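J.:
Protein chains in written order, with my numbering: chain X, 20 to 259; chain Z, 4 to 416.
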């Protein structure tokens, strides 16, 4: 498989905080249409890994390529390939939902009519129709997360990175988000997601990246075994 | 999207955010932002009406340059790299060059506001403002351009990780050594602004030419800074974000004690808020306490030697006023910290608004007393001017304003 076909490529990634190693020599790839779960106990480095991939944390060593681009050298090109929902999404409290989505569409250089239509579709999908005029500071945690999801999906990126995205969402919204993820994958988009809902990850993802004392890619029979007893296997890492 | 259109998009974003606050004003915005501004402007007006040291000297002096360039050099890092939306903008495709240009424009606006504030005493005194305006503009333009360029170069050096400036401390703390260029970056803009203003002050015939030349030089320095920053922005901004993380202090066996000393006078929850605020502010805003000592020492000497001179007393009053504003900044900063979440701790502990107010006010007043009492005593002994007894009361009032602003900011979303 050629380099360009990989949506995400991570090689020998390491990251420490004040001399405490968090990620050690992490390497993996994500291919078009794949959904990969990032799993591990608290403090294993899941959010740190996702932060490195999305340009929020600078790795100490290693390389990252998203759609063939380095997020630290070509951040604006990476942005066209990446949709990211952080665990604690940032929104401008002084802007309304519509203003926020329009600003992001302009920053991405999207067609105004198409992006307005896509934003309206996403807002309707997540039950935010009628709330477009709300200031973001007035939104609940769940509503804020839905706006962040709409921002991530608005430009139909090739890679979706979702950090604890199901937190604070009601059940219908989770189901609609899962539908959107399936449509995204059907278009050839890839997904990398972390969540504490291990059952959901097991049903949604094709492979897993288990973080702990060392990073291990779980695929094939390893992934099937993990899906059989996710809690047991993940907590065993915690107590190593 | 071109760089120019991204700059105009960021300008529109700022307009929208300001308009959003104006369209939906709430008490927090009015009192948390407008009131401190009113306090500062009215204090400057009073200084002008009673005759400030600037008025007493022979015309506008280079002191204006020191104040303007010092303020801008001090603010530059926060204005350039302290925004909460830096990484969000990067995620949505805003490139480093337009981003840095927009942040440098914010610094220029801060310069315009600082110079405008310094003109208030002149307007209040009915004195001509052309000369201080030109001197202040010289300092502001050079400090803005210098800061934009120097911080861009510091960002490059930080990302490169091989600066000679941090060589002496690399063996003790490698991450601090990497950030050394950022520590030294404010020096050049401060010196450039100060010397430019001194030149504009002493060469009165060339004042306008110096001011215009400084504006051109400042704009050129900003343009150069943007070019220097653009290639490293993607790597520097996450580093700047990581640098905001404050590691927990090393334990020295200290125990969090509530109800000892003066805190025993307060209700238990308010006392807990006081002790907690003192601990947090001491670790995050240590400068708020440190700012007192130079002013106390200089004021003591000045009052002992020239206490009967009105300009000396005006200078002491101004310096104390500025220190109080700085300390109030730390108290408001506590509220801003809480906006990111920790206010729920007070709520879950059952601390009511009045208890939080009382505890924070006690901390704030206590902080100001370390400044006000050591200055009020020599003022009473040597100046011959009345009113020293009122200084602690002024501290109590200033603490109340700062605490109100702090708690209202904590409630903003």
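Quick reminder that beta carbons are idealized off the backbone N, C-alpha and C, glycines included.
Bear in mind that the values here come from a model prediction, so they are computed numbers and not experimental data.
Quick one: which chain X residues come within Cβ less than 8 Å of residue 218 of chain Z?
T.: Per Cβ cutoff of 8 Å: no residues; residue 218 of chain Z is ~30 Å from chain X at best.
J.: Suppose you measure from the CA of residue 238 of chain Z to the CA of residue 221 of chain X; what does that come to, to the nearest Å?
T.: Their Cα atoms are separated by approximately 34 Å.
J.: With residue 75 of chain Z and residue 124 of chain Z assumed to form a contact (beta carbons below 8 Å), what rounded beta-carbon distance in angstroms separates them?
T.: Not quite, the Cβ-Cβ distance comes to about 19 Å (not below 8 Å), so this is no contact.
J.: If you measure between the beta carbons of residue 156 of chain Z and residue 231 of chain Z, is that distance less than 8 Å?
T.: Taking 8 Å as the Cβ cut-off, residue 156 of chain Z and residue 231 of chain Z qualify as a contacting pair.
J.: Measuring alpha carbon to alpha carbon, tell me which of X:39, X:46, X:24 and X:37 ends up nearest residue 234 of chain X.
T.: Minimum Cα distance to residue 234 of chain X is reached at X:46.
J.: Just to confirm the assignment, what range does the beta strand (DSSP E) spanning residue 40 of chain X have?
T.: Residues 39-49.
J.: Against residue 74 of chain X, what residues of chain Z qualify as contacts under a CB-to-CB distance less than 9 Å, listed in chain order?
T.: Under the 9 Å cutoff, chain Z gives 90, 93, 94, 237, 238, 240 and 241.
J.: Would residue 412 of chain Z be called buried (16 or more neighbouring beta carbons within 10 Å of its own) or exposed?
T.: Residue 412 of chain Z is buried by the Cβ-count criterion.
J.: Please compile the residues from chain X whose C-beta is within a distance smaller than 7 Å of the C-beta of residue 87 of chain Z.
T.: Ordered by position in chain X, the residues that pass the 7 Å Cβ test against residue 87 of chain Z are 109.
J.: Any C-beta of chain Z within less than 7 Å: which residues of the region 199-213 of chain X qualify?
T.: Per Cβ criterion, the list is empty.
J.: Whose Cβ in chain X lies nearer than 7 Å to the Cβ of residue 143 of chain Z?
T.: Simply none; closest approach about 27 Å.
J.: Check the Cβ-Cβ distances between residue 90 of chain X and every residue of chain Z, and say whether any is below 8 Å.
T.: Taking Cβ atoms only, chain Z reaches closer than 8 Å to residue 90 of chain X, which makes this a yes.
J.: For residue 158 of chain X and residue 205 of chain Z, I'd like the C-alpha separation in whole angstroms.
T.: Residue 158 of chain X and residue 205 of chain Z: Cα-Cα distance of roughly 57 Å.
J.: Does the distance from the C-beta atom of residue 82 of chain X to that of residue 76 of chain X stay below 8 Å?
T.: Their beta carbons are not under 8 Å apart, which means residue 82 of chain X does not touch residue 76 of chain X by this criterion.
J.: Specify whether the region 332-343 of chain Z and the region 275-285 of chain Z touch according to this definition: at least 3 beta carbon pairs, one from each stretch, less than 8 Å apart.
T.: Cβ pair count under 8 Å is three or more, so yes.
J.: Of the residues X:197, X:39, X:58 and X:78, which one's Cα is nearest the Cα of residue 242 of chain X?
T.: It is X:58.
J.: Whole angstroms are fine: how far does the CA of residue 102 of chain X sit from the CA of residue 170 of chain X?
T.: Each residue's alpha carbon lies about 8 Å from the other.
J.: Taking the alpha carbon of residue 236 of chain Z as the point to measure from, which residue in Z:317, Z:98 and Z:311 has its own alpha carbon closest?
T.: Out of Z:317, Z:98 and Z:311, Z:98 has the C-alpha closest to the C-alpha of residue 236 of chain Z.
J.: At the 8 Å Cβ level, is residue 286 of chain X part of the contact set with chain Z, yes or no?
T.: Residue numbering for chain X in the displayed model covers 20 to 259; residue 286 of chain X lies beyond these limits and cannot be assessed.
J.: Identify which residue in Z:15, Z:158 and Z:371 has its Cα closest to the Cα of residue 183 of chain Z.
T.: Closest option to residue 183 of chain Z, Cα to Cα, is Z:158.
J.: Might you give, ordered along the chain, the residues of its own chain that have their beta carbon closer than 6 Å to the beta carbon of residue 63 of chain X, omitting 5 neighbours on each side?
T.: Excluding positions up to five away in sequence, the list reads 230 and 231.
J.: Closer than 8 Å by beta-carbon distance: list the chain X residues that pair up with residue 245 of chain Z, in chain order.
T.: 76 and 77, listed in chain order.
J.: In or out: residue 349 of chain Z buried (at least 16 other Cβ within 10 Å) or exposed?
T.: Burial call: buried.
J.: At least one CB of chain Z closer than 8 Å to the CB of residue 122 of chain X: is that the case?
T.: So, interface residue.
J.: Are the beta-carbon atoms of residue 209 of chain X and residue 50 of chain X separated by less than 8 Å?
T.: Result yes, Cβ atoms of residue 209 of chain X and residue 50 of chain X sit closer than 8 Å.
J.: Kindly indicate the opening and closing residues of the beta strand (DSSP E) around residue 28 of chain X.
T.: Residue 28 of chain X -> beta strand (DSSP E) spans 27-36.
J.: Please decide whether residue 27 of chain X counts as near chain Z, where near means a Cβ-Cβ distance under 8 Å.
T.: By this cut-off, residue 27 of chain X is not an interface position.
J.: Looking at the structure shown, is residue 147 of chain X part of a helix, part of a strand, or coil, going by DSSP?
T.: In this structure, residue 147 of chain X counts as coil in the three-state DSSP scheme.
J.: Between residue 355 of chain Z and residue 278 of chain Z, what straight-line distance do the alpha-carbon atoms span, to the nearest angstrom?
T.: Taking the straight line from one Cα to the other gives about 16 Å.
J.: To the nearest angstrom, how far is the alpha carbon of residue 37 of chain X from that of residue 242 of chain Z?
T.: Going from the Cα of residue 37 of chain X to the Cα of residue 242 of chain Z covers about 13 Å.
J.: Is the number of C-beta pairs between the region 207-214 of chain Z and the region 124-140 of chain Z that are closer than 8 Å three or more?
T.: Because the criterion of three Cβ pairs below 8 Å is met, the region 207-214 of chain Z and the region 124-140 of chain Z touch.
J.: Three or more C-beta pairs under 8 Å: does that hold for the region 141-156 of chain X against the region 86-105 of chain X?
T.: They do not touch, by the three-pair rule.
J.: Establish whether the CB of residue 112 of chain Z and some CB of chain X are separated by less than 8 Å.
T.: Closer than 8 Å: no.
J.: Determine, using beta carbons only, whether residue 393 of chain Z and residue 316 of chain Z come nearer to each other than 8 Å.
T.: Not a contact, by the Cβ cut-off of 8 Å.
J.: Helix, strand or coil for residue 142 of chain X, going by three-state DSSP, please let me know.
T.: Here residue 142 of chain X sits in helix by DSSP.
J.: Leaving out five residues on either side along the sequence, give the residues of the same chain with a beta carbon under 7 Å from the beta carbon of residue 401 of chain Z.
T.: These residues qualify, in order along the chain: 327, 331 and 371.
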